[in-house]
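Asker: Counted the way the numbering used here counts, the sequence shown spans residues 1088 to 1433.
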Amino acid sequence: MRKLVYLSIALVLPLCFACKTNSSETKTTEEKVEKKQLGIATYSVKGLSSDVEGSLQALADDGYTVMEMSNYNAAERTVEGMQPAEYAALAEKYGLDIISSHARGKFDAKDVEGTLGEWGKIFDDHQAMGVKYVIFPMNIWSGPDALDAECDLLNKIGEEANKRNIKFGYHNHSFEFVKVPDTDILYEDYLITHTDADKVIFQMDVYWITVGGQDPVAYLQKYPDRIKLLHIKDDYVIGASGKIDYEAIFNQFYANGNSDWFVEMESKPAPEDMGKPSPFMKIMADFQAQGGPSSGKTMADLMPQRGGGGTPPPPPAPEEIAEQLSVSLEGIKESADYLKNAAFVK
């Protein structure tokens, strides 16, 4: 009888070992997928404020591991009504590391002291969150008469960031790829070549640079030591349009020694508008080509061309916000699935 028991055990053990081995192999495969550094710009999450914790949980479930936030309130020095460190701890609760932030501060080359004072507070708050990068998300640049002073101001802001062990940078749209008036230099190139590498980095938005008529890979090759971050963007869901060679972009970005990037998505366009150029970006490009503020015009002059003016529309109803959140999280998940399954993403 004992022999039969031993024989049964001897037969079962290899099967159990095989099951354990297969289970271990499966887990290892899953862990490899989870270990991919998937970044998400929370600008993509439309309606995030209506359900902060639910949104963070959804992003973590999708496989995102690092975040770039866009909801820091410089006037109140809060994030979603929380102290910065408190918000960072909440993100960490869901396994999300906030490594970057799009933040706006005063930018006035005629008031350097006031500008640096405001940015100093911004950097203090981001230092409390352990953020590595603070990115100036958008600016309309002056013509040749004042552009050097603006580049110098970028350097000075970068010096303030360096004091807190933070890297300060600038994020492009499409209008930086027009020429500085009376020159043959594109604004993006001017900004890169007239700022110091140890004070100002650049975040390349691969979609907007493409809209601007330039090749993202060529720029990564041209400025391997200046472009440190990427926004991975498409018409909507990443990879769906087939317009952008993400594999070539990621390969060059990694070859340059960089690894931090973030999915960024706008609101889902109507089917008939999918892939169409942004009228506002065309207006901005025309304005920038004239020298921006140096042209004598202001942003207020552009607003009527956006259909602005008059009484602002009422805020969306709660059910509309809930629908926006649901739709954006669905697109964000589809983008995560594409990138998790892409062999070229580490």
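Built from N, CA and C at the ideal position, the CB exists for glycine as well.
With distances taken Cα to Cα, identify the nearest neighbour of I1336 among K1122, M1352, V1293, Q1301.
Answerer: By 1-based counting over the sequence shown, the position of residue 1336 is 249. Closest option to I1336, Cα to Cα, is V1293.
Asker: Applying the 10 Å Cβ sphere with the 16-neighbour rule, what's the burial state of S1413?
Answerer: Taking the first residue of the sequence shown as 1, we reach residue 1413 at position 326. S1413 should be labelled exposed.
Asker: Where does the unbroken alpha helix (DSSP H) through M1291 begin, and where does it stop?
Answerer: Here residue 1291 refers to the residue found at position 204 of the sequence shown. First-last for M1291: 1288 to 1292, but that is the beta strand (DSSP E), not the alpha helix (DSSP H).
Asker: Suppose contacts are defined by Cβ-Cβ distances below 9 Å. Is I1227 in contact with G1383 by that definition?
Answerer: Indexing the sequence shown from 1 puts residue 1227 at position 140. Indexing the sequence shown from 1 puts residue 1383 at position 296. No, these two residues do not count as a Cβ contact at 9 Å.
Asker: Which whole-angstrom value is the C-beta distance of A1236 and Y1181, which I expect to be below 8 Å?
Answerer: Position 149 of the sequence shown, counting from 1, holds the residue named residue 1236. Position 94 of the sequence shown, counting from 1, holds the residue named residue 1181. The pair is not a contact, with the Cβ atoms about 43 Å apart (cut-off 8 Å).
Asker: Looking at G1256: is its Cβ nearer than 9 Å to the Cβ of V1287?
Answerer: Residue numbering aside, residue 1256 sits at position 169 when the sequence shown is read from its first letter. Residue numbering aside, residue 1287 sits at position 200 when the sequence shown is read from its first letter. Yes, the pair counts as a contact, with Cβ atoms nearer than the cut-off.
Asker: Which residues does DSSP pair with T1165 in a beta bridge?
Answerer: Counted from its first residue, the sequence shown places residue 1165 at position 78. Paired residues: N1160.
Asker: Tell me the rounded alpha-carbon separation between I1209 and P1231.
Answerer: For this step, residue 1209 is matched to residue 122 along the sequence shown. For this step, residue 1231 is matched to residue 144 along the sequence shown. Roughly 29 Å separates the two Cα atoms.
Asker: Report all residues from its chain with a CB closer than 8 Å to the CB of Q1411; omit the five preceding and five following residues, and keep chain order.
Answerer: For this step, residue 1411 is matched to residue 324 along the sequence shown. The residues are K1133, G1134, S1354, P1403.
Asker: Tell me whether the beta-carbon of F1262 lies closer than 9 Å to the beta-carbon of G1299.
Answerer: Here residue 1262 refers to the residue found at position 175 of the sequence shown. Here residue 1299 refers to the residue found at position 212 of the sequence shown. Against a cut-off of 9 Å, the Cβ pair of G1299 and F1262 comes out as a contact.
Asker: Figure out for me which residue from I1253, I1314, Q1377, Q1308 has the closest Cα to the Cα of L1278.
Answerer: Here residue 1278 is taken as the residue at index 191 of the sequence shown, counted from 1. Nearest option by C-alpha distance: I1314.
Asker: What residues are listed by DSSP as bridge partners for M1154?
Answerer: If you number the sequence shown from 1, residue 1154 lands on position 67. Per DSSP, I1127, I1185.
Asker: Got a sec: is the Cβ-Cβ distance from K1369 to anything in chain D below 9 Å?
Answerer: Although the question refers to chain D, the structure presented lacks it and comprises just one protein chain.
Asker: Could you compute how far the alpha carbon of D1138 sits from the alpha carbon of N1252?
Answerer: As a first step, residue 1138 must be located in the sequence shown, where it is residue number 51. As a first step, residue 1252 must be located in the sequence shown, where it is residue number 165. Rounded to the nearest angstrom, the two C-alpha atoms are 32 Å apart.
Asker: Verify whether the separation of the beta carbon atoms of F1223 and H1189 is less than 9 Å.
Answerer: Walking along the sequence shown from the start, residue 1223 turns up at place 136. Walking along the sequence shown from the start, residue 1189 turns up at place 102. It is a contact, given that the beta carbons lie within the stated cut-off.
Asker: So, L1240 versus A1423, is the Cβ gap smaller than 9 Å?
Answerer: Indexing the sequence shown from 1 puts residue 1240 at position 153. Indexing the sequence shown from 1 puts residue 1423 at position 336. In this structure, A1423 does not lie closer than 9 Å to L1240 by Cβ.
Asker: If the criterion is Cβ atoms closer than 9 Å, does the pair E1421 and V1324 meet it?
Answerer: In the sequence shown, residue 1421 corresponds to position 334, counting from 1. In the sequence shown, residue 1324 corresponds to position 237, counting from 1. Cβ distance < 9 Å, so E1421 and V1324 count as in contact.
Asker: Could you give the uninterrupted runs of the alpha helix (DSSP H) lying entirely in the stretch 1252 to 1310, keeping only those of 4 residues or more?
Answerer: Runs found: 1274 to 1280, 1293 to 1298, 1303 to 1309.
Asker: Quick one: what's got a C-beta closer than 7 Å to A1128's C-beta in the same chain, skipping five residues either side?
Answerer: As a position in the sequence shown, residue 1128 is number 41, starting the count at 1. The residues are E1155, S1157, H1318, F1349, V1350, E1351.
Asker: CA-CA distance, S1328 and D1321?
Answerer: For the purposes of this step, residue 1328 is identified with residue 241 of the sequence shown, where counting begins at 1. For the purposes of this step, residue 1321 is identified with residue 234 of the sequence shown, where counting begins at 1. If I take the Cα positions, the gap works out to 7 Å.
Asker: Using 9 Å as the threshold, is the C-beta distance between M1216 and Y1151 below it?
Answerer: Residue numbering aside, residue 1216 sits at position 129 when the sequence shown is read from its first letter. Residue numbering aside, residue 1151 sits at position 64 when the sequence shown is read from its first letter. No, these two residues do not count as a Cβ contact at 9 Å.
Asker: In terms of residues, what are the limits of the beta strand (DSSP E) holding K1315?
Answerer: Here residue 1315 corresponds to residue number 228 of the sequence shown, with the count starting at 1. From DSSP, the beta strand (DSSP E) with K1315 extends over 1314 to 1319.
Asker: If I'm right that M1291 touches Y1306 with Cβ under 8 Å, what's the distance once you round it to whole angstroms?
Answerer: Taking the sequence shown and counting its residues from 1, one reaches residue 1291 at position 204. Taking the sequence shown and counting its residues from 1, one reaches residue 1306 at position 219. Indeed, because the Cβ distance is near 6 Å, the residues count as touching under 8 Å.
Asker: Label K1254 either buried or exposed according to how many other C-beta atoms from any shown protein chain fall within 10 Å of its C-beta, with 16 as the threshold for buried.
Answerer: What you label residue 1254 is simply residue 167 of the sequence shown in a count that begins at 1. Per the 10 Å Cβ criterion, buried.
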